[in-house]
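Undergrad: The structure that follows is given in the form of structure tokens.
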DNA sequence: AAAGCGTGGGT
DNA sequence: TACCCAAGCTT
């Protein structure tokens with residue numbers, strides 16, 4: 001059972017979304033920025049942010065020259081602000097150690113801050129047209145269904161990821177169409193072979209092990225889905241939102257009102273933000289985004 | 001290896 | 001209303 005690259009690529013030619021980071025003049029760095037933003041984040045939420053971002057900071061060195069505070073503010077409520085911090089660090093490394101040129105080698109890319117297996121492969125394939133398998137959640141799901149006949153991909157793990165790369169390598173066209181095949185596979189998972197309610201009636205694949213075995217259901221989830229309300233993550237988000245929205249450092253009391261009930265949880269969240277380098281405490285005891293201007297209206301007069 | 005890490009839209 | 005889910009990475 002296999003996926004015919006021709007079926008997929010001809011479907012992609014007509015179904016491909018017109019995403020701005022796919023335009024022909026987009027640089028490898030700008031593609032890398034899109035991949036950071038798209039980690040665990042829907043396309044619809046990246047769309048309004050990415051164009052302004054890459055206009056403001058078009059190169060690694062331009063990004064590295066900004067303060068972490070500016071980067072975190074531009075990131076806004078995209079989520080997982082550690083990604084913004086790592087993107088900033090990644091820019092500094094590329095600027096300093098790679099002459100401002102994004103590496104094209106998967107293993108080199110994967111050593112950079114915030115770049116794991118997926119992002120390294122995506123940059124190599126989509127920015128440099130290298131014939132490397134790109135394995136994301138969409139690809140795992142499409143392969144699980146079309147090739148292995150299962151409703152869902154197995155839980156991601158290092159070992160499982162390696163197997164997925166191997167399975168993909170066997171499918172990858174041995175030509176310059178490899179990168180396009182990977183993009184098409186991801187697009188199929190995003191638009192047709194979706195996690196819930198897949199549109200099998202319009203699927204371009206002529207063979208699919210899951211369909212041919214009668215759409216067997218997946219296993220019930222073993223662990224309960226995690227909630228968000230009341231978690232440390234939410235507390236961190238509230239605290240960081242206060243700092244993003246204040247041009248100048250804020251007092252502890254101003255942070256307290258952002259998470260007023262559970263003081264133990266608030267302290268834990270603040271400590272973890274400090275440990276992550278997403279927040280700094282300045283000498284007078286107030287808190288600020290890292291690298292932010294320490295002056296304020298009272299100190300400056 | 002499993003758990004932590006944001007946020008908001010869809011159902 | 002809850003819950004699911006979205007181009008993952010790090011420890």
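In UniProt numbering, the protein residues as written are 1 to 301.
Built from N, CA and C at the ideal position, the CB exists for glycine as well.
Check for me: the alpha helix (DSSP H) holding residue 286 runs from which residue to which?
TA: Unbroken run through residue 286: none, as it is neither H nor E.
Undergrad: Reducing DSSP to helix, strand and coil, say where residue 280 ends up.
TA: Here residue 280 sits in strand by DSSP.
Undergrad: Let's test the definition: count the other Cβ atoms within 10 Å of the Cβ of residue 138 and tell me whether it reaches 16, buried, or not, exposed.
TA: Looking at its Cβ environment, which holds 16 or more other Cβ atoms inside 10 Å, residue 138 is buried.
Undergrad: For residue 306, count the other beta carbons within 10 Å of its own beta carbon; 16 or more makes it buried, fewer makes it exposed. Which is it?
TA: Coverage of the chain is limited to positions 1 through 301, which leaves residue 306 absent and any answer about it impossible.
Undergrad: Please check the pair residue 286 and residue 210, which I expect to be a contact at CB under 8 Å, by giving their CB distance rounded to whole angstroms.
TA: About 56 Å separates the two Cβ atoms, so there is no contact after all.
Undergrad: At the level of alpha carbons, what is the spacing between residue 15 and residue 111?
TA: Answer to the nearest angstrom: the Cα atoms are 34 Å apart.
Undergrad: Using the beta-carbon count (16 or more within 10 Å), is residue 159 buried or exposed?
TA: Answer is exposed; the Cβ neighbour count stays below 16.
Undergrad: Could you have a look at residue 102 and say whether DSSP puts it in helix, strand or coil?
TA: Coil.
Undergrad: Find the nearest neighbour of residue 187 within the set 259, 8, 47, judged by alpha-carbon distance.
TA: If we check each option's Cα against that of residue 187, 8 comes out closest.
Undergrad: Since I believe residue 281 is in contact with residue 274 (beta carbons under 8 Å), could you give me their beta-carbon distance rounded to a whole number of angstroms?
TA: Contact holds; Cβ gap of about 7 Å.
Undergrad: Is residue 74 closer than 9 Å to residue 100 when the C-beta atoms are compared?
TA: No, Cβ-Cβ distance for residue 100 and residue 74 is not below 9 Å.
Undergrad: With residue 241 as the anchor, note down where its alpha helix (DSSP H) starts and where it stops.
TA: Counting along the chain, the alpha helix (DSSP H) containing residue 241 begins and ends at 232 to 244.
Undergrad: Just verifying my parser: in three-state terms, what is the DSSP assignment at residue 134?
TA: The answer is coil: DSSP assigns residue 134 none of H, G, I, E or B.
Undergrad: Would you check if the distance between the CB atom of residue 241 and the CB atom of residue 268 is smaller than 9 Å?
TA: Going by C-beta atoms, residue 241 is not nearer than 9 Å to residue 268.
Undergrad: How do the stretch 168 to 179 and the stretch 126 to 133 stand: do at least 3 beta-carbon pairs fall below 8 Å, yes or no?
TA: Yes, the stretch 168 to 179 is in contact with the stretch 126 to 133.
Undergrad: Of the residues 183, 200, 272, which one's Cα is nearest the Cα of residue 126?
TA: For the residues 183, 200, 272, the minimum Cα distance to residue 126 belongs to 183.
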